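Scroll down for the structure; my scribbles are underneath it.
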Amino acid sequence: MRRTNLIRNIPCTYEGCKKLFTTISGRRRHERSGHRKDRFLLRLHTSRQKPNSDHDSSDPESDNDRDYEDPFLPLEQHSEGDFDEDFDEDFDERRPSEEEVVTIHPIINGRPCDKHGIYIPDPNTPPPPWEERDPEDFSPFDSCASFKLADLLFRKVQMSEGNITELMQIWAEWAQNIDLDVDPPFADAKDMYAKIDSNQLGHIPWQSFSVSYDGEPGDEAPWKSKTFDVWFRDPRKVLIAQLGNRDFAGEMDFSPKIVREKTSKVRRYQHFMSGAWAWRQADILAENPSNHGTCFCPIILGSDKTTVSVATGQNDYYPLYMSNGLIHNNVRRAHRNGVTLIAFLAIARTAMGYSHSEEFRRFRREIFHESLQVILSSLKPGMTTPEVLLYADGHYRRTIYGIGPYIADYPEQVLLCCIVQGWCPKCTAHSKNLDGGGGRRTEALTEKYMNKFCGDVLWKEYGIVDGAIPFTDDFPRADIYELIAPDILHQLVKGTFKDHLVTWVEQYIKSENSPADADETLADIDRRIAAVPLFPSLRRFYEGRRFKQWTGDDSKALMKVYLACIYGHVPPQMVRAIAAFLEFCYLVRREILDDRDIDKLDTFLLKFHTEREIFREAGIRADGFCLPRQHSMVHYRDQITEYGAPNGLCTSITESKHIKAVKQPWRRSNRYNAISQMLITNQRLDKLATTLVELRVSGMLNSPTLNIDPPVPVKEDKGDDNDSDEIDGDVIAEVQLARRQLPQIPRKILALALHLNLPQLPKLIAQFVFERDHPEVPTELIPIEQLPLFNGKIFLYPSAIAVHRAPSDLSGLYCMRYKRIRSISSWRDGPERRDCVYVMHDPNLAGFGGLHIAQVEAFLRVVPRCRHQFPRLYPCALVSWFKKVNDSPCPDTGMWVVERELTERGSKVMSVIHLDTILRGAHLIGIGGSNCIPEIQCTDSLNAFKTFFVNKYIDYHAHEIAF
Numbered sequence: 006m007r008r009t010n011l012i013r014n015i016p017c018t019y020e021g022c023k024k025l026f027t028t029i030s031g032r033r034r035h036e037r038s039g040h041r042k043d044r045f046l047l048r049l050h051t052s053r054q055k056p057n058s059d060h061d062s063s064d065p066e067s068d069n070d071r072d073y074e075d076p077f078l079p080l081e082q083h084s085e086g087d088f089d090e091d092f093d094e095d096f097d098e099r100r101p102s103e104e105e106v107v108t109i110h111p112i113i114n115g116r117p118c119d120k121h122g123i124y125i126p127d128p129n130t131p132p133p134p135w136e137e138r139d140p141e142d143f144s145p146f147d148s149c150a151s152f153k154l155a156d157l158l159f160r161k162v163q164m165s166e167g168n169i170t171e172l173m174q175i176w177a178e179w180a181q182n183i184d185l186d187v188d189p190p191f192a193d194a195k196d197m198y199a200k201i202d203s204n205q206l207g208h209i210p211w212q213s214f215s216v217s218y219d220g221e222p223g224d225e226a227p228w229k230s231k232t233f234d235v236w237f238r239d240p241r242k243v244l245i246a247q248l249g250n251r252d253f254a255g256e257m258d259f260s261p262k263i264v265r266e267k268t269s270k271v272r273r274y275q276h277f278m279s280g281a282w283a284w285r286q287a288d289i290l291a292e293n294p295s296n297h298g299t300c301f302c303p304i305i306l307g308s309d310k311t312t313v314s315v316a317t318g319q320n321d322y323y324p325l326y327m328s329n330g331l332i333h334n335n336v337r338r339a340h341r342n343g344v345t346l347i348a349f350l351a352i353a354r355t356a357m358g359y360s361h362s363e364e365f366r367r368f369r370r371e372i373f374h375e376s377l378q379v380i381l382s383s384l385k386p387g388m389t390t391p392e393v394l395l396y397a398d399g400h401y402r403r404t405i406y407g408i409g410p411y412i413a414d415y416p417e418q419v420l421l422c423c424i425v426q427g428w429c430p431k432c433t434a435h436s437k438n439l440d441g442g443g444g445r446r447t448e449a450l451t452e453k454y455m456n457k458f459c460g461d462v463l464w465k466e467y468g469i470v471d472g473a474i475p476f477t478d479d480f481p482r483a484d485i486y487e488l489i490a491p492d493i494l495h496q497l498v499k500g501t502f503k504d505h506l507v508t509w510v511e512q513y514i515k516s517e518n519s520p521a522d523a524d525e526t527l528a529d530i531d532r533r534i535a536a537v538p539l540f541p542s543l544r545r546f547y548e549g550r551r552f553k554q555w556t557g558d559d560s561k562a563l564m565k566v567y568l569a570c571i572y573g574h575v576p577p578q579m580v581r582a583i584a585a586f587l588e589f590c591y592l593v594r595r596e597i598l599d600d601r602d603i604d605k606l607d608t609f610l611l612k613f614h615t616e617r618e619i620f621r622e623a624g625i626r627a628d629g630f631c632l633p634r635q636h637s638m639v640h641y642r643d644q645i646t647e648y649g650a651p652n653g654l655c656t657s658i659t660e661s662k663h664i665k666a667v668k669q670p671w672r673r674s675n676r677y678n679a680i681s682q683m684l685i686t687n688q689r690l691d692k693l694a695t696t697l698v699e700l701r702v703s704g705m706l707n708s709p710t711l712n713i714d715p716p717v718p719v720k721e722d723k724g725d726d727n728d729s730d731e732i733d734g735d736v737i738a739e740v741q742l743a744r745r746q747l748p749q750i751p752r753k754i755l756a757l758a759l760h761l762n763l764p765q766l767p768k769l770i771a772q773f774v775f776e777r778d779h780p781e782v783p784t785e786l787i788p789i790e791q792l793p794l795f796n797g798k799i800f801l802y803p804s805a806i807a808v809h810r811a812p813s814d815l816s817g818l819y820c821m822r823y824k825r826i827r828s829i830s831s832w833r834d835g836p837e838r839r840d841c842v843y844v845m846h847d848p849n850l851a852g853f854g855g856l857h858i859a860q861v862e863a864f865l866r867v868v869p870r871c872r873h874q875f876p877r878l879y880p881c882a883l884v885s886w887f888k889k890v891n892d893s894p895c896p897d898t899g900m901w902v903v904e905r906e907l908t909e910r911g912s913k914v915m916s917v918i919h920l921d922t923i924l925r926g927a928h929l930i931g932i933g934g935s936n937c938i939p940e941i942q943c944t945d946s947l948n949a950f951k952t953f954f955v956n957k958y959i960d961y962h963a964h965e966i967a968f
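Under the working numbering, the sequence shown has 279 at position 274, and the numbering climbs by one with no breaks.
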């Protein structure tokens, strides 16, 4: 029988949730999984659980086969190898700490005003209500359904024009066959495109201008007669749209600010406006009384060439992006239209015989800078005269613009700063001695040198290209050398780590060994990398690190495991050099840094510079370390204090934008004159996204199917599983069992012990339950054989969810993130998987000193047989313990070393612990030492080694707790 297509008209019962459902059971499933965090937080805030607290008051004895579970936890499939459902939620910033003191600029403070620019007397006055939209007005679309369909086909599915037309024809044919006098929402693809194009929301048309050589013809170089097109959108209109995007309400700073800890007064740096640069710019603006009360809005730019195909022909483009410094870092990093494509810059090409001429290089440099001046010219008046703008919170503010940081990799920085390749864009240190010290590079100093020295001296002694003027020279208060942003991706991850350190280690191994021995050592490192245990979101290297094309994600994944895998094959000093670099890299990536963290950066940088001398001594870097990307590390201290946390200004932001703004639109084109089609595609995407926000905040889109951005396609190699994601919540840490226990598993204690081949399980359960029911009795004084045998039921679970605060990782509201911890007999129809965990030991001790490491042998829920005998339920875990080898971390790697704790007979020391004592999942890497290891599967790794490193580099949260 044909299923009836029901309309979504059953609302969610949770306040604030606007999702609709077709059936009551669908709503119930949504509330059990989608609102698990609401019920989770409610329970935590009303009665914080203790290890012996009551986890549920219902009686499972009413149904022996019933799933006894917390209904708000994520769904765990019955099959042990199934994936879990992914969450599709934007991450958000943490709640402002009550221990912070925020001081905003006293003059340039973003005071609300009316639309005429008259300041409102009381700054706390609520904003006027937004103009209400007719609830039936979905123009230019006929209805909400037609808009949803257009959004689905064009933005989410990205269906081709031919398929859209065919779909509409099938729709019309279906209606005709059942005598239904209803036309499809659109006649064909062209009709749908016309509706999108006629939409005025988000309408910022593309413009163009042409550039060409205007000097003396001279020779017959073909590029001198060519015209190069530049396509752009008015950046002023784009900025107005960004600042007024109601989706960003509550995620913007309207004034430079100083954030300090309440007690220690130590300054903190997080979002862009918390840095010193914005405050200093505000001081300059405050000198003009007409600027008092204005909102200073820095313009953040980024550009980078990108390739859309490996095929022949024109397959590279030069996008220019724009954001602003008012939105928070998390908004800029997310796929939420906080970064907008504003131009495609010209790429000047010529015949091979002319491409390396000085004249052609000068021409390319000039068209780049002059193009930026033309594109940004509409913002220039607003850099000296405030303009009244409507913001996302509903208030008007007098706004004054300014050129802010520029996001670029090193080749782009060289072009921006008009310097010679190999020189630093931030300082005047000589290219042959970059770390030898130098003053700050400024436009005023550059102009002084140009007036004093000839071109050859400027090039060789100061790294300055004579006669080249940066685009910032045309804008007030802008100095390009000051505005070059830090770039974690290319300077640290791809540059210093992958291109330098990994390469140098391989060169060292080859230089110190015969070819055969070197190959064996490198192969062993690959085996170690491939053998590291599974962990959520950890990308697998099935053949080690040997593959042809590296990506940023590959480099980041290798950073997590590389140090432990080379230990024993290279000198300790080399290990210490890489460890110092990793400490620097992980610390600088944190969401929030303070002055104490910056002092630590100096310590790690000094240690790195000291220990890396091993590469010079070994002859690998006999000519020294004059490497601009590695040298950039010395400038991170100043750039953090200037611009806040560096993860808000990184080329990873613009590179991720390439996919949506360049590569996908190119793939949707017919490849002929693709740029014009790409412009139209981007314009339509912006219109749909703007309309979606407008309708949603107006309460006209009560649909669970619409999000601001389509989900990013999952890369096959991104990680081993989908066991990690961001969620919303506000707790420090919590671990909960999966929703469903494993089916067809014995529930009596003796039968379960036999099934798991754990004869000690009954005694361990008895000891655990006795400790919970009699906390005042020291169980070590009672022989375990004398404890009453537990005769209730035990449910076996395949996994648990660990929720913890992780502000430096991609995380949910209040910086919460979850990771799934697994303990199953067969992972993906293969060997067993038993993950490791951090167990809380002493909260008064800092770092790993207050933690233990254990491997989860089973996740259990102990259920009483008689409620009067055992009045409580216990979610728990059967674990085998590891113990610390030393009282301090390894002096070379900086990681703690653990080994299995064994009994006198050589068996694992096990115990049952309450789930509340587990902090989160842990990652261990076996220590191979100087010997080569055999082929080991990652699932066997925890049983194949004697000692293990506690891998604090597996993610940023682990780095913050396992020191």
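Just so it is clear, CB atoms sit at the ideal spot from N, CA and C, and this is done for glycine as well. Only a predicted model underlies this, so the values are computations on that prediction, with no experimental measurement involved.
In angstroms, rounded to a whole number, what distance separates the CA positions of Val842 and Leu924? Within the sequence shown, the letter at position 837 stands for residue 842. Within the sequence shown, the letter at position 919 stands for residue 924. Using only the alpha carbons, I get a separation of about 7 angstroms.
Option in Ala287, Gly629, Gly472 with minimal Cα separation from His614: Here the question's residue 614 lines up with position 609 in the sequence shown. If we check each option's Cα against that of His614, Gly629 comes out closest.
By a C-beta neighbour count over all protein chains shown, 10 Å radius and 16 as the cutoff for buried, is Gly573 buried or exposed? Locating residue 573 in the sequence shown gives position 568, where the first residue counts as 1. Flag for Gly573 reads buried.
I need the straight-line Cα distance from Ile789 to Gln765, nearest angstrom please. Within the sequence shown, the letter at position 784 stands for residue 789. Within the sequence shown, the letter at position 760 stands for residue 765. So the two alpha carbons sit approximately 11 angstroms from each other.
Sort Tyr454, Ser362, Glu487, Ala449 by Cα distance to Leu421 and report the nearest one. Translated into positions along the sequence shown, residue 421 becomes position 416. Nearest of Tyr454, Ser362, Glu487, Ala449 to Leu421, Cα basis: Glu487.
Take the Cβ of Cys655 as the centre, count every other Cβ of all protein chains shown within 10 Å, and call the residue buried at 16 or more, exposed below. Counted from its first residue, the sequence shown places residue 655 at position 650. Cys655 is buried by the Cβ-count criterion.
Which residue's Cα is closest to the Cα of Asp239: Lys161, Phe349, Tyr591, Gly31? The residue you call residue 239 lines up with position 234 of the sequence shown. Closest by alpha carbon: Phe349.
Any 3 or more C-beta pairs closer than 8 angstroms across the region 239-248 and the region 567-587: no
Use the C-beta contact count for Asp224: other C-beta atoms within 10 angstroms, 16 or more gives buried, fewer gives exposed. Within the sequence shown, residue 224 is the residue found at index 219, counting from 1. With fewer than 16 Cβ atoms within 10 Å of its Cβ, Asp224 is classed as exposed.
Tell me the DSSP secondary structure of Lys453 in three-state form. As a position in the sequence shown, residue 453 is number 448, starting the count at 1. Residue state, collapsed to three classes: helix.
Going by DSSP in three states, Asp234 sits in which element: helix, strand or coil? By 1-based counting over the sequence shown, the position of residue 234 is 229. It is a strand residue.
Tell me the residue span of the alpha helix (DSSP H) that contains Leu610. Locating residue 610 in the sequence shown gives position 605, counting from the first residue. Per DSSP, Leu610 belongs to the alpha helix (DSSP H) from 600-616.
Between Gln688 and the rest of its own chain, which residues show a CB-CB distance below 7 angstroms, the 5 nearest in sequence each way excluded? Indexing the sequence shown from 1 puts residue 688 at position 683. Here the set comprises Trp211.
Would you call Met357 buried or exposed, if buried means 16 or more other Cβ atoms sit within 10 Å of its Cβ? Here residue 357 refers to the residue found at position 352 when the sequence shown is read from its first residue. So Met357 ends up on the exposed side.
Residues bridged to Asp321 by DSSP? In the sequence shown, the residue the question calls residue 321 occupies position 316. Its beta-bridge partners are Thr312.
With DSSP as the reference, please indicate the residues paired to Gly307 in a beta bridge. The residue given as residue 307 occupies position 302 in the sequence shown. According to DSSP, which records beta bridges pairwise, Gly307 is partnered with Tyr326, Ile412.
What are the uninterrupted segments assigned as alpha helix (DSSP H) that are 4 or more residues long and contained completely in the region 508-564, given in chain order? 508-517, 520-536
Of the listed residues Pro939, Ser916, Asn891, Leu439, nearest to Val955 (C-alpha basis): As a first step, residue 955 must be located in the sequence shown, where it is residue number 950. That would be Asn891, whose Cα lies nearest to the Cα of Val955.
Gln746 in three-state terms, based on DSSP: To locate residue 746, count along the sequence shown from 1; it is residue 741. Coil.
Can you grab the Cα-Cα spacing for the pair Glu266 / Arg595, in whole Å? Counting from 1 along the sequence shown, the entry for residue 266 is found at position 261. Counting from 1 along the sequence shown, the entry for residue 595 is found at position 590. One C-alpha to the other measures close to 17 angstroms.
Sub-8 angstroms separation of Asn114 and Ser328 beta-carbons: Taking the first residue of the sequence shown as 1, we reach residue 114 at position 109. Taking the first residue of the sequence shown as 1, we reach residue 328 at position 323. Cβ atoms of Asn114 and Ser328: not closer than 8 angstroms.
Rounded C-alpha distance that separates Val868 from His35: Here residue 868 refers to the residue found at position 863 of the sequence shown. Here residue 35 refers to the residue found at position 30 of the sequence shown. Approximately 27 angstroms between the Cα atoms of the pair.
Looking only at its chain, what residues have a beta carbon closer than 7 angstroms to the beta carbon of Arg642, apart from the 5 residues adjacent to it on each side? In the sequence shown, residue 642 corresponds to position 637, counting from 1. Cβ neighbours of Arg642 beyond the five flanking positions: Ile603, Leu606, Asp607.
Let's see if you can read the secondary structure: which residues bound the beta strand (DSSP E) around Ala927? By 1-based counting over the sequence shown, the position of residue 927 is 922. Start and end: 923-927.
Following the continuous beta strand (DSSP E) through Thr2, name the residue where it begins and the one where it ends. It is not possible to answer for residue 2, since the shown part of the chain is limited to 6 through 968.
Cβ of Phe586 within 8 angstroms of Cβ of Leu506? On the sequence shown, residue 586 is found 581 positions in, with the first residue counted as 1. On the sequence shown, residue 506 is found 501 positions in, with the first residue counted as 1. For Phe586 and Leu506, yes; Cβs fall inside 8 angstroms.
With a threshold of 7 angstroms, establish whether the CB of Ala666 neighbours any heavy atom of the ligand GDP. Of the ligands one can find in the structure shown there are none, so the ligand GDP has no counterpart to examine.
I want to know whether the region 336-350 touches the region 188-203 - three or more CB-CB distances under 8 angstroms. no
Classification of Leu794 by the beta-carbon crowding that lies within 10 angstroms, buried from 16 upward: As a first step, residue 794 is located in the sequence shown; it is residue number 789 there, counting from the start. So Leu794 ends up on the exposed side.
Where Cys841 sits in the DSSP three-state scheme: Taking the first residue of the sequence shown as position 1, residue 841 is located at position 836. Three-state result, Cys841: strand.
If we count Cβ pairs, one from each stretch, closer than 8 angstroms, do we get three or more for the region 401-412 versus the region 452-459? no
Out of Pro134, Arg116, Ala287, Ala434, point me to the one whose CA is closest to Asp127's CA. On the sequence shown, position 122 is the one that residue 127 refers to. Comparing Cα-Cα distances from Asp127 to each of Pro134, Arg116, Ala287, Ala434, the minimum goes to Arg116.
Can you have a look at Ala449 and say buried or exposed, based on whether 16 or more other CB atoms are within 10 angstroms of its CB? Taking the sequence shown and counting its residues from 1, the one referred to as residue 449 is at position 444. Exposed, because fewer than 16 other Cβ atoms sit within 10 Å of the Cβ of Ala449.
For Leu384, does the three-state DSSP call read helix, strand or coil? The count along the sequence shown starts at 1 and reaches residue 384 at position 379. Note: Leu384 maps to helix in three-state DSSP.
Residue nearest to Val808 in terms of C-alpha spacing, selected from Arg744, Asp897, Gly926: The count along the sequence shown starts at 1 and reaches residue 808 at position 803. Here the closest residue by C-alpha is Gly926.
Would Gly852 pass as a contact of Ala967 if the rule is Cβ separation under 8 angstroms? Position 847 of the sequence shown, counted from the start, is the residue given in the question as residue 852. Position 962 of the sequence shown, counted from the start, is the residue given in the question as residue 967. Yes, the pair counts as a contact, with Cβ atoms nearer than the cut-off.
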